[in-house]
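Numbering (our numbering), first residue to last: 209 to 356. Glycine is no exception: its CB is placed at the ideal position from the N, C-alpha and C atoms.
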């Protein structure tokens, strides 16, 4: 084995191991799901902004959007501008209410919140199916954009 290949790999693994030991000792006494999926509900607006930017910076933004604007003209650009008020509506108005309800019900997902509020397994199944169909469509667009 070549030392110049093995040494950086071992150094990287030691650093990752050290960071994980540090994070394990620093964690709060919350549940695993709240810590892992929600960051103990302690992440600020900067993390939310970076997540939202990463969501919008995708294959559809750089391949599908310009292609549709070229094909359909200025009308498509004006239609795409609805994203700004949609973000404001979803984060500014609905996001606050969802955060309050999620903390009240100790919910991790939207389906957890729906079940805690309405106690209906049928509603949770329908919401899950709706999310699954929507995500299949969204992921298909990303895969097609990545393949081109």
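**Message:** Would residue 323 and residue 332 be called neighbours here (beta carbons separated by less than 7 Å)?
**Reply:** Numbered from 1 along the chain shown, position 115 holds the residue referred to as residue 323. Numbered from 1 along the chain shown, position 124 holds the residue referred to as residue 332. A contact, by the Cβ cut-off of 7 Å.
**Request:** Assign residue 232 to buried or exposed, taking buried as 16 or more other Cβ atoms, counted over all protein chains shown, within 10 Å of its Cβ.
**Result:** Here residue 232 refers to the residue found at position 24 when the chain shown is read from its first residue. By the neighbour-count rule (16 or more Cβ atoms within 10 Å), residue 232 is not buried but exposed.
**Request:** Examine the Cβ distances between the region 267 to 283 and the region 343 to 354 and report whether three or more of them are shorter than 8 Å.
**Result:** yes
**Prompt:** For residue 251, does the three-state DSSP call read helix, strand or coil?
**Reply:** Counted from its first residue, the chain shown places residue 251 at position 43. In this structure, residue 251 counts as coil in the three-state DSSP scheme.
**Message:** Is it buried or exposed, residue 294, if we count other Cβ atoms within 10 angstroms and call 16 or more buried?
**Reply:** Position 86 of the chain shown holds residue 294. With fewer than 16 Cβ atoms within 10 Å of its Cβ, residue 294 is classed as exposed.
**Message:** Looking at residue 276: is its Cβ nearer than 7 Å to the Cβ of residue 285?
**Reply:** Position 68 of the chain shown, counted from the first residue, corresponds to residue 276. Position 77 of the chain shown, counted from the first residue, corresponds to residue 285. For residue 276 and residue 285, no; Cβs fall outside 7 Å.
**Message:** For a test of the three-state rule: what should DSSP assign to residue 321, helix, strand or coil?
**Reply:** Walking along the chain shown from the start, residue 321 turns up at place 113. Residue 321 falls in the helix class under three-state DSSP.
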